[in-house]
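Engineer:
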Amino acid sequence: MRAIIIVVAALPLLTGCVSAVKTVVTAPVKAVGQVADWTTTSQDEADRNRGREMRKREEQLGKLARERDKAAEKCRDGKVEQCQRAEVLEHEIEALMAEPR
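Start counting the sequence shown at 1; every next residue gets the next number (the numbering used here).
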């Protein structure tokens, strides 16, 4: 009888211990899950990154094309160095277009 009273009296103290044990046991599992979330890329993130890369590439191509067109215009006006510049820019454009996406 005395043992039952001790167990019943100690029961509120044990619930805190059980809660602490549960927290300690589940913490590594939660940590691994969080690390997995941090290290993996979701499809939405991958799509956003791909779109960002494509826009950046298109901006580069546009800038090179504008510079090439200006140099070609000056080349037609008789400036030989601009003819060379237009040719170099054209090669840069071709190289950028040939890069894998």
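Where is the CB? At the ideal position from N, CA and C, for every residue including glycine.
All values reported here derive from a predicted model rather than from experimental measurement.
1) On the three-pair Cβ rule with 8 Å, is the region 45 to 55 touching the region 68 to 88?
2) Rounded to whole angstroms, what is the Cα-Cα separation between Ala-98 and Thr-39?
3) Give the straight-line distance between the Cα atoms of Arg-52 and Arg-76, rounded to the nearest whole angstrom.
4) Which value, in whole angstroms, describes the spacing of the CA atoms of Leu-96 and Thr-26?
Structural biologist: According to the structure shown:
1) no
2) 31 Å
3) 36 Å
4) 50 Å
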